[in-house]
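**Student:** The opening position of the sequence shown corresponds to residue 1075 in our numbering, with each subsequent residue numbered one higher.
Ideal placement from N, C-alpha and C gives every residue a C-beta, glycine not left out.
Computed from a predicted model, the values in this text were never measured in an experiment.
The structure's right below; bear with me while I get my questions together.
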Amino acid sequence: AKECQLEVAYTDSFNDLLDILHMGLLIHNPVILEGPPGQGKHTAIEYVANLLSAEVIYITISQSTKVDDLLGKLKIERRTDGIHVEFTKSKLVGTISFDSGVIDKPIIVIENINNATPAVLNALLSIFNVEIKDILLPSGETMKKGEFNLIGIFNTQQSTSTRDKLPSSLINSSIYYVVKDPNSNEI
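This is the structure we're talking about:
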(Lines of atoms letter the chains of each structure in order from A and count residues from 1; the text may use other names and numbers.)
(Lines give C-alpha, C1' and ligand atoms only; values in the text may rest on other atoms or scores of the structure.)
Protein backbone atom coordinates (compact mmCIF):
# COMPACT_ATOMS: atom_id res chain seq x y z
CA ALA A 1 0.00 0.00 0.00
CA LYS A 2 1.11 3.53 -0.63
CA GLU A 3 0.19 6.94 0.68
CA CYS A 4 -2.85 8.40 -1.06
CA GLN A 5 -2.35 11.66 -2.96
CA LEU A 6 -6.03 12.66 -3.01
CA GLU A 7 -7.25 15.35 -0.65
CA VAL A 8 -10.34 14.15 1.14
CA ALA A 9 -12.41 15.15 4.14
CA TYR A 10 -12.61 12.23 6.53
CA THR A 11 -16.22 12.62 7.57
CA ASP A 12 -18.14 9.82 9.25
CA SER A 13 -20.13 9.16 6.05
CA PHE A 14 -16.94 9.07 3.91
CA ASN A 15 -15.24 6.73 6.39
CA ASP A 16 -18.31 4.43 6.28
CA LEU A 17 -18.04 4.40 2.48
CA LEU A 18 -14.33 3.52 2.67
CA ASP A 19 -15.12 0.69 5.11
CA ILE A 20 -17.72 -0.78 2.72
CA LEU A 21 -15.31 -0.62 -0.22
CA HIS A 22 -12.48 -2.18 1.79
CA MET A 23 -14.75 -4.98 2.99
CA GLY A 24 -15.93 -5.76 -0.55
CA LEU A 25 -12.38 -5.79 -1.90
CA LEU A 26 -11.09 -7.85 1.02
CA ILE A 27 -13.68 -10.61 0.65
CA HIS A 28 -13.76 -10.32 -3.18
CA ASN A 29 -17.44 -9.50 -3.24
CA PRO A 30 -18.94 -6.97 -5.66
CA VAL A 31 -20.21 -3.72 -4.16
CA ILE A 32 -23.06 -1.56 -5.45
CA LEU A 33 -23.08 2.04 -4.23
CA GLU A 34 -26.37 3.93 -4.48
CA GLY A 35 -26.76 7.66 -4.10
CA PRO A 36 -27.01 10.97 -5.88
CA PRO A 37 -23.94 12.44 -7.57
CA GLY A 38 -21.61 14.44 -5.34
CA GLN A 39 -21.54 12.17 -2.30
CA GLY A 40 -17.95 10.98 -2.74
CA LYS A 41 -18.49 7.61 -4.44
CA HIS A 42 -15.83 8.19 -7.12
CA THR A 43 -13.48 9.90 -4.68
CA ALA A 44 -13.68 6.93 -2.33
CA ILE A 45 -13.04 4.47 -5.16
CA GLU A 46 -10.04 6.46 -6.38
CA TYR A 47 -8.77 6.77 -2.80
CA VAL A 48 -8.92 3.02 -2.18
CA ALA A 49 -7.45 2.22 -5.62
CA ASN A 50 -4.58 4.61 -4.97
CA LEU A 51 -3.86 2.98 -1.60
CA LEU A 52 -3.84 -0.47 -3.21
CA SER A 53 -1.98 0.65 -6.36
CA ALA A 54 -4.87 -0.88 -8.32
CA GLU A 55 -5.89 0.05 -11.82
CA VAL A 56 -9.44 1.40 -12.09
CA ILE A 57 -11.39 0.65 -15.26
CA TYR A 58 -14.60 2.60 -15.77
CA ILE A 59 -17.46 1.21 -17.85
CA THR A 60 -20.37 3.63 -18.24
CA ILE A 61 -23.88 2.34 -18.89
CA SER A 62 -26.30 4.51 -20.85
CA GLN A 63 -29.87 3.85 -21.88
CA SER A 64 -28.58 2.82 -25.30
CA THR A 65 -25.98 0.35 -23.97
CA LYS A 66 -26.51 -3.14 -25.39
CA VAL A 67 -25.29 -6.51 -24.18
CA ASP A 68 -22.86 -6.54 -27.12
CA ASP A 69 -21.33 -3.30 -25.83
CA LEU A 70 -20.58 -5.03 -22.52
CA LEU A 71 -19.58 -8.48 -23.71
CA GLY A 72 -18.33 -8.07 -27.27
CA LYS A 73 -19.59 -7.95 -30.83
CA LEU A 74 -20.00 -10.40 -33.64
CA LYS A 75 -18.93 -9.16 -37.05
CA ILE A 76 -20.26 -11.13 -40.00
CA GLU A 77 -18.80 -10.52 -43.46
CA ARG A 78 -19.59 -12.06 -46.80
CA ARG A 79 -16.35 -12.79 -48.64
CA THR A 80 -15.53 -14.49 -51.91
CA ASP A 81 -14.49 -17.60 -49.98
CA GLY A 82 -17.70 -17.66 -47.91
CA ILE A 83 -19.07 -16.07 -44.80
CA HIS A 84 -16.55 -15.00 -42.19
CA VAL A 85 -17.60 -14.55 -38.54
CA GLU A 86 -15.34 -12.71 -36.12
CA PHE A 87 -15.92 -12.05 -32.43
CA THR A 88 -14.34 -8.96 -30.88
CA LYS A 89 -14.13 -8.93 -27.08
CA SER A 90 -15.14 -5.79 -25.26
CA LYS A 91 -12.77 -4.03 -22.87
CA LEU A 92 -14.76 -5.48 -19.98
CA VAL A 93 -14.51 -9.07 -21.23
CA GLY A 94 -10.83 -8.63 -21.98
CA THR A 95 -10.28 -7.54 -18.38
CA ILE A 96 -12.40 -10.11 -16.55
CA SER A 97 -11.54 -13.21 -18.58
CA PHE A 98 -9.50 -15.90 -16.85
CA ASP A 99 -6.82 -15.72 -19.54
CA SER A 100 -6.56 -11.91 -19.62
CA GLY A 101 -2.98 -12.01 -18.33
CA VAL A 102 -3.82 -9.44 -15.66
CA ILE A 103 -1.70 -10.20 -12.60
CA ASP A 104 -3.01 -7.55 -10.21
CA LYS A 105 -6.76 -7.53 -9.79
CA PRO A 106 -8.14 -4.35 -11.34
CA ILE A 107 -11.10 -2.49 -9.88
CA ILE A 108 -13.85 -2.40 -12.47
CA VAL A 109 -16.43 0.31 -11.91
CA ILE A 110 -19.74 -0.09 -13.72
CA GLU A 111 -21.24 3.40 -13.67
CA ASN A 112 -24.91 4.28 -13.98
CA ILE A 113 -26.32 0.78 -13.64
CA ASN A 114 -29.63 2.57 -13.09
CA ASN A 115 -29.64 3.21 -16.89
CA ALA A 116 -29.33 -0.47 -17.80
CA THR A 117 -32.03 -2.24 -19.81
CA PRO A 118 -33.33 -5.59 -18.52
CA ALA A 119 -31.05 -7.45 -20.98
CA VAL A 120 -27.99 -5.51 -19.80
CA LEU A 121 -28.97 -6.08 -16.16
CA ASN A 122 -29.13 -9.81 -16.90
CA ALA A 123 -25.63 -9.70 -18.41
CA LEU A 124 -24.39 -7.72 -15.40
CA LEU A 125 -25.81 -10.36 -13.07
CA SER A 126 -23.54 -12.97 -14.61
CA ILE A 127 -20.60 -10.66 -13.97
CA PHE A 128 -21.59 -9.58 -10.43
CA ASN A 129 -22.54 -13.04 -9.16
CA VAL A 130 -19.35 -14.65 -7.80
CA GLU A 131 -21.06 -18.07 -7.88
CA ILE A 132 -21.29 -17.89 -11.67
CA LYS A 133 -17.89 -18.93 -13.01
CA ASP A 134 -18.64 -18.79 -16.75
CA ILE A 135 -20.21 -16.04 -18.84
CA LEU A 136 -22.13 -16.69 -22.05
CA LEU A 137 -20.74 -14.42 -24.76
CA PRO A 138 -22.70 -13.12 -27.78
CA SER A 139 -20.67 -15.54 -29.91
CA GLY A 140 -22.34 -18.47 -28.13
CA GLU A 141 -19.09 -19.45 -26.42
CA THR A 142 -18.59 -19.38 -22.69
CA MET A 143 -15.77 -17.55 -20.98
CA LYS A 144 -14.29 -18.44 -17.62
CA LYS A 145 -14.19 -15.45 -15.27
CA GLY A 146 -10.85 -14.49 -13.76
CA GLU A 147 -10.25 -12.56 -10.55
CA PHE A 148 -11.23 -8.93 -10.43
CA ASN A 149 -12.87 -6.42 -8.10
CA LEU A 150 -16.22 -5.02 -9.09
CA ILE A 151 -18.06 -1.89 -8.00
CA GLY A 152 -21.38 -0.78 -9.41
CA ILE A 153 -22.64 2.78 -9.12
CA PHE A 154 -26.38 3.37 -9.03
CA ASN A 155 -26.90 7.13 -9.36
CA THR A 156 -30.15 8.46 -8.02
CA GLN A 157 -31.58 11.87 -8.77
CA GLN A 158 -32.98 12.28 -5.31
CA SER A 159 -31.97 11.01 -1.90
CA THR A 160 -34.67 8.31 -1.85
CA SER A 161 -33.66 4.73 -2.52
CA THR A 162 -34.69 3.27 -5.87
CA ARG A 163 -33.14 -0.16 -5.56
CA ASP A 164 -36.46 -1.69 -6.65
CA LYS A 165 -35.33 -0.95 -10.25
CA LEU A 166 -32.67 -3.64 -9.91
CA PRO A 167 -33.34 -7.39 -9.94
CA SER A 168 -33.20 -8.83 -6.42
CA SER A 169 -30.68 -11.41 -7.66
CA LEU A 170 -28.26 -8.59 -8.54
CA ILE A 171 -28.72 -6.94 -5.16
CA ASN A 172 -28.33 -10.27 -3.35
CA SER A 173 -25.09 -11.08 -5.19
CA SER A 174 -23.37 -7.93 -3.96
CA ILE A 175 -22.84 -5.70 -0.97
CA TYR A 176 -25.49 -3.05 -1.55
CA TYR A 177 -24.78 0.24 0.20
CA VAL A 178 -26.85 3.41 0.12
CA VAL A 179 -24.39 6.28 0.52
CA LYS A 180 -25.54 8.53 3.32
CA ASP A 181 -25.95 12.26 2.97
CA PRO A 182 -23.31 14.03 5.06
CA ASN A 183 -24.54 15.36 8.37
CA SER A 184 -24.80 19.14 8.64
CA ASN A 185 -21.91 19.14 11.12
CA GLU A 186 -19.69 17.32 8.56
CA ILE A 187 -20.02 19.97 5.87
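Does the pairing of the region 1136-1155 with the region 1208-1223 give three or more beta-carbon distances under 8 Å?
**Tutor:** Because the criterion of three Cβ pairs below 8 Å is met, the region 1136-1155 and the region 1208-1223 touch.
**Student:** Any idea what DSSP makes of L1107, helix, strand or coil?
**Tutor:** Start at 1 with the first residue of the sequence shown, and residue 1107 comes out as number 33. In the structure shown, L1107 sits in a strand (DSSP, three-state: E or B).
**Student:** When you compare each of V1183, F1222, A1197 and Y1084 to T1134 by their alpha carbons, which one comes out closest?
**Tutor:** Counting from 1 along the sequence shown, the entry for residue 1134 is found at position 60. If we check each option's Cα against that of T1134, V1183 comes out closest.
**Student:** Please go through the same chain and pick out, in chain order, the residues whose beta-carbon is closer than 7 Å to the beta-carbon of D1142, but skip the five residues on each side of it.
**Tutor:** Translated into positions along the sequence shown, residue 1142 becomes position 68. Cβ neighbours of D1142 beyond the five flanking positions: P1212.
**Student:** Note down, in chain order, each residue of its chain lying with its Cβ closer than 6 Å to the Cβ of I1187, except the 5 sequence neighbours on either side.
**Tutor:** Stepping through the sequence shown from its first residue, residue 1187 is reached at position 113. Counting only Cβ-Cβ distances below 6 Å, and skipping sequence neighbours, we find I1135, G1226 and F1228.
**Student:** Can you check which of these residues, Y1250, T1216, E1221 and T1139, is closest to H1102 by C-alpha distance?
**Tutor:** In the sequence shown, residue 1102 corresponds to position 28, counting from 1. Selected option, being the one with the closest Cα: E1221.
**Student:** I'd like to confirm the pairing. Which residues does DSSP put opposite K1158 in its beta bridges?
**Tutor:** Along the sequence shown, one-based indexing puts residue 1158 at 84. As written in the sequence, residue 1158 is His, which differs from the Lys given in the question. According to DSSP, which records beta bridges pairwise, H1158 is partnered with E1151.
**Student:** Count the other CB atoms within 10 Å of the CB of L1099; is the residue buried (16 or more) or exposed (fewer)?
**Tutor:** What you label residue 1099 is simply residue 25 of the sequence shown in a count that begins at 1. Buried: at least 16 other Cβ atoms inside 10 Å.
**Student:** Alpha carbon to alpha carbon, what distance is there between Y1250 and L1092?
**Tutor:** The residue you call residue 1092 lines up with position 18 of the sequence shown. The residue you call residue 1250 lines up with position 176 of the sequence shown. Cα to Cα, L1092 sits roughly 14 Å from Y1250.
**Student:** What separation, rounded to the nearest whole angstrom, lies between the Cα atoms of S1164 and E1185?
**Tutor:** Residue numbering aside, residue 1164 sits at position 90 when the sequence shown is read from its first letter. Residue numbering aside, residue 1185 sits at position 111 when the sequence shown is read from its first letter. For S1164 and E1185, the distance between alpha carbons rounds to 16 Å.
**Student:** With burial defined as no fewer than 16 other Cβ atoms inside 10 Å of the residue's Cβ, what is the status of M1097: buried or exposed?
**Tutor:** Counting from one through the sequence shown, the residue named residue 1097 turns up at place 23. It counts as exposed.
**Student:** Pick helix, strand or coil for T1117, following the three-state DSSP scheme.
**Tutor:** Translated into positions along the sequence shown, residue 1117 becomes position 43. Residue state, collapsed to three classes: helix.
**Student:** Apart from the five residues just before and just after V1167, which ones in its own chain have a Cβ nearer than 6 Å to its Cβ?
**Tutor:** On the sequence shown, residue 1167 is found 93 positions in, with the first residue counted as 1. Taken in chain order, the residues that qualify are L1145 and G1146.
**Student:** So A1118 and K1179 are supposed to be a Cβ contact under 8 Å. How far apart are they, rounded?
**Tutor:** Residue 1118 sits at position 44 when you count from the first residue of the sequence shown. Residue 1179 sits at position 105 when you count from the first residue of the sequence shown. Actually they do not touch by this definition, with Cβ atoms about 18 Å apart.
**Student:** For T1169, report the span of its alpha helix (DSSP H) as first-last.
**Tutor:** Here the question's residue 1169 lines up with position 95 in the sequence shown. Counting along the chain, the alpha helix (DSSP H) containing T1169 begins and ends at K1165 to I1170.
**Student:** Can I1170 and I1206 be called in contact, C-beta distance under 8 Å?
**Tutor:** For the purposes of this step, residue 1170 is taken as the residue at position 96 of the sequence shown. For the purposes of this step, residue 1206 is taken as the residue at position 132 of the sequence shown. Not closer than 8 Å, so no.
**Student:** Have a look at the DSSP bridge pairing and note the partners of N1185.
**Tutor:** Position 111 of the sequence shown, counted from the first residue, corresponds to residue 1185. The sequence as given places Glu at residue 1185; Asn does not occur at that position. T1134, per the DSSP bridge assignment.
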